[in-house]
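> If you scroll down you'll find the structure; I have some questions about it.
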Amino acid sequence: MVIIFATFLLRQAKIDDIKARALQMAQTEGYVTTTIINDTRTKLSTVGFPAVVKGGVTYPSFTGSTTTKVLKDDVDPTVRLVIQYPASDLSKLMAFFGATTVEDPGYYYLEANGRSETYE
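Residue numbering for the sequence shown follows my numbering, starting at 1 and increasing by one per position.
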């Protein structure tokens with residue numbers, strides 16, 4: 001069980017690194033572009049998070065991210081990045097804590113906010 005927990009933490013750290021890079025790119029662009037989404041999906045796939053469909057939704061999902069350009073001088077220059085992915089490994093981790101079954105193990109949900117660096 002220690003190995004499962006350590007693997008979970010390592011994967012979480014990799015996702016956090018990918019999220020940080022995507023946020024930096026989004027801040028430079030002023031929003032989460034299609035290029036950023038595709039690059040992030042590719043990077044997540046290389047660390048074991050390939051594209052999957054669950055309940056009709058394709059993951060990783062970027063729902064809730066800023067998808068329209070925000071300028072540095074706007075009243076609210078906040079750029080938001082949201083990455084959601086099914087956390088199937090959580091069911092194994094929950095067994096470590098005594099759960100016998102987990103119907104829906106949940107999702108990785110990463111949210112980051114930054115300030116747009118884009119000028120018009």
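C-beta atoms are modelled at their ideal positions from N, C-alpha and C, and glycine is treated no differently.
(1) Considering only residues of the same chain and omitting the five flanking positions on each side of GLU120, which have a CB-CB separation below 6 angstroms?
(2) Which runs of the alpha helix (DSSP H), 4 residues or longer, sit entirely within the segment 12-75?
(3) When DSSP builds the beta bridges, which residues end up paired with GLY114?
(4) Out of THR67, GLY56, TYR109, GLU111, which one is the CA nearest neighbour of ILE36?
(5) Quick one: is GLY55 buried, meaning 16 or more other Cβ sit within 10 Å of its Cβ, or exposed?
(6) Using C-beta distances below 7 angstroms, list every residue in its chain close to SER65, excluding the 5 sequence neighbours before and after it, in chain order.
According to the structure shown:
(1) LEU71
(2) 34-46
(3) VAL79
(4) THR67
(5) exposed
(6) VAL32, ARG80, LEU81, VAL82
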